[in-house]
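*Asks:* FYI, in full-length UniProt numbering the residues of the sequence shown are 1 to 390.
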Amino acid sequence: MKQAGASRPVHDHHQQQPIRPPQAQHSQTHASASSSGTAYRPSQAQAHHHQWQQQPQQHQQPPQASSAGGLDVGKYDGGFERDEKRGRRTLNAGAADALAVDSSDAGRAHRPTKTWRLKDFDIGRGLGKGRFGRVYIAKTKAAPHFILALKCLYKKEIVEERLEHQIRREVEIQMNLRHPHILRLHGYFHDEGRLFLMVEFAGKGEFYKYMSNLPGRRFPEPTAAKYIAQMTDALQYLHTKNVIHRDIKPENLLMGLNGELKISDFGWSVHAPGNRRSTMCGTLDYLPPEMIDRQKHGKAVDIWALGVLTYEFVVGDAPFSAEDGGRTYARISSVDLQFPSRLSAEVCDLIKRLLRKAPESRLPLAKVLTHPWIVKYDPEAAARASGRTL
1 MKQAGASRPV
11 HDHHQQQPIR
21 PPQAQHSQTH
31 ASASSSGTAY
41 RPSQAQAHHH
51 QWQQQPQQHQ
61 QPPQASSAGG
71 LDVGKYDGGF
81 ERDEKRGRRT
91 LNAGAADALA
101 VDSSDAGRAH
111 RPTKTWRLKD
121 FDIGRGLGKG
131 RFGRVYIAKT
141 KAAPHFILAL
151 KCLYKKEIVE
161 ERLEHQIRRE
171 VEIQMNLRHP
181 HILRLHGYFH
191 DEGRLFLMVE
201 FAGKGEFYKY
211 MSNLPGRRFP
221 EPTAAKYIAQ
231 MTDALQYLHT
241 KNVIHRDIKP
251 ENLLMGLNGE
261 LKISDFGWSV
271 HAPGNRRSTM
281 CGTLDYLPPE
291 MIDRQKHGKA
301 VDIWALGVLT
311 YEFVVGDAPF
321 SAEDGGRTYA
331 RISSVDLQFP
341 SRLSAEVCDL
351 IKRLLRKAPE
361 SRLPLAKVLT
371 HPWIVKYDPE
381 AAARASGRTL
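What follows is the structure, encoded as structure tokens:
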């Protein structure tokens, strides 16, 4: 999903057009959800049942949800009502069936405890408007009044762009994730033509915009190390769930109310236990050599992306950037890695260990958290990750 302010090219050799919707222009971006590829096979809706299925939702928002407290959600502009006709277009039976989100095998133990409707929320200020709908900050009317971001997607337009399977898979993956550095999808509800996603509110907005306003677009090494520790923790969690993200980059990160990082876009992710993928996807600057060479790939693609992210955090640019795509491809394939002299030996060592051409040679995520550069600035990172309830 292209984020506000993002300019990196996205490539997919199976399609002529990018398969993710343009991102709404707002201070917080959210996954509308999916995994590219079909290794993860959720249960299919019956042919005669052409509605979105209710996913697990709770009466009370989980701990990650933001309590309303004294937060002012702002003034609502009536956008949902103005767009109501837009969402009422008729879907053909096949498209509606493809959009029918059902519970995955992993989530069947959980059953809905509440059916949500738009009238259950006080809608506040708009967080953004995009090609497929709108995003608003919202507050639950019933006590204890939680704040979340409410994202509306229009089914007809999703179908027209052939994104229904992608969104279905992304929703099913993200509904089962519980981690402080992964944006929470609390649940969803729908009407005839619209899907409403109930997403954790990341109060400090888009990380990419924050980073872009820094001098040199880079962080001091102590700050970068803490952020990389958070990302490593989140990726470790995803990999234990057999989820490969495949599109880690600054544009796909949000900042929580306390400034913590949260992975927000699962548009390229895939749930693939025991499988290796062959789809080329993601942002050019972050593609690993095995994707450049169109080889099958696994979880190590996320380790490579972590290395690129580390480099960009401390340098201010991606390590293999070049004047054109062909040159970037060549630099990635040959791992043409160069470091500014101002960087510490420790961070250079970590980046080199992450950006190895052979996937099996890349530093495992558990060892990233015990690397001297991380330990120097965030000595408790490994202990936090090991104590995490998976």
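All C-beta atoms, glycine included, are put in the ideal place defined by N, C-alpha and C.
Tell me which residue opens and which closes the alpha helix (DSSP H) that His190 is part of.
*Replies:* That residue, His190, is in no alpha helix (DSSP H); its beta strand (DSSP E) goes 185-190.
*Asks:* Can you check whether the CB of Tyr208 is closer than 9 angstroms to the CB of Phe219?
*Replies:* no
*Asks:* Determine, using beta carbons only, whether Lys129 and Val199 come nearer to each other than 9 angstroms.
*Replies:* no
*Asks:* Please go through the same chain and pick out, in chain order, the residues whose beta-carbon is closer than 6 angstroms to the beta-carbon of Gly307, but skip the five residues on each side of it.
*Replies:* Same-chain partners within the cutoff: Ile351, Leu354, Leu355.
*Asks:* Exposed or buried, what is Gly133 when buried is set at 16 or more other beta-carbons lying within 10 Å of its beta-carbon?
*Replies:* buried
*Asks:* Any contact of the segment 155-172 with the segment 134-142, i.e. 3+ C-beta pairs under 8 angstroms?
*Replies:* no
*Asks:* From the DSSP output, in three-state form, read off Arg283 for me.
*Replies:* The residue you asked about is not Arg; residue 283 is Thr in the sequence shown. Of the three classes helix, strand and coil, the one that applies to Thr283 here is strand, per DSSP.
*Asks:* Going by DSSP, which residues form a beta bridge with Glu206?
*Replies:* Answer is Leu254.
*Asks:* Please classify Leu150: does DSSP put it in a helix, a strand, or coil?
*Replies:* strand
*Asks:* Where do the ends of the alpha helix (DSSP H) carrying Gly325 lie?
*Replies:* 325-333
*Asks:* Distance, Cα to Cα, Lys357 vs Ser333?
*Replies:* 8 angstroms
*Asks:* Per DSSP, which residues does Arg168 bridge with? Please list them.
*Replies:* DSSP output for Arg168 lists no bridge partner at all.
*Asks:* Let's test the definition: count the other Cβ atoms within 10 Å of the Cβ of Pro364 and tell me whether it reaches 16, buried, or not, exposed.
*Replies:* exposed
*Asks:* Cα-Cα, which of Phe201, Trp304, Gly193 is closest to Leu254?
*Replies:* Phe201
*Asks:* Hey, out of Asp324, Tyr311, Glu360, Glu323, whose CA is closest to Leu337's CA?
*Replies:* Comparing Cα-Cα distances from Leu337 to each of Asp324, Tyr311, Glu360, Glu323, the minimum goes to Tyr311.
*Asks:* Determine whether the beta carbon atoms of Val171 and Tyr154 lie at a separation below 9 angstroms.
*Replies:* No. Outside cutoff.
*Asks:* Could you tell me which of Thr240, Leu214, Tyr210 sits nearest to Ala385, measuring between CA atoms?
*Replies:* Thr240
*Asks:* Checking the sheet assignment: what are the DSSP bridge partners for Leu195?
*Replies:* Within the DSSP secondary-structure output, Leu195 pairs in a beta bridge with Leu153, His190.
*Asks:* Note down, in chain order, each residue of its chain lying with its Cβ closer than 8 angstroms to the Cβ of Asp120, except the 5 sequence neighbours on either side.
*Replies:* Thr140, Lys141, Ala142
*Asks:* Spell out the partners DSSP gives Ile158 in its beta bridges.
*Replies:* Paired residue(s): none; Ile158 is not in a bridge.
*Asks:* Under three-state DSSP, which class holds Val135?
*Replies:* strand
*Asks:* Indicate the three-state DSSP secondary structure (helix, strand or coil) for Phe219 in the structure shown.
*Replies:* coil
*Asks:* By how many angstroms is the C-alpha of Tyr329 removed from the C-alpha of Ile292?
*Replies:* 7 angstroms
*Asks:* Can you check whether the CB of His181 is closer than 9 angstroms to the CB of Lys262?
*Replies:* yes
*Asks:* For Gly128, which three-state DSSP category applies?
*Replies:* strand
*Asks:* According to the neighbour-count rule (16 or more other Cβ atoms, all chains shown, within 10 Å of its Cβ), is Asn252 buried or exposed?
*Replies:* buried
*Asks:* Between Ala234 and His179, which are expected to be in contact by the criterion C-beta below 8 angstroms, what is the C-beta distance as a whole number of angstroms?
*Replies:* 6 angstroms
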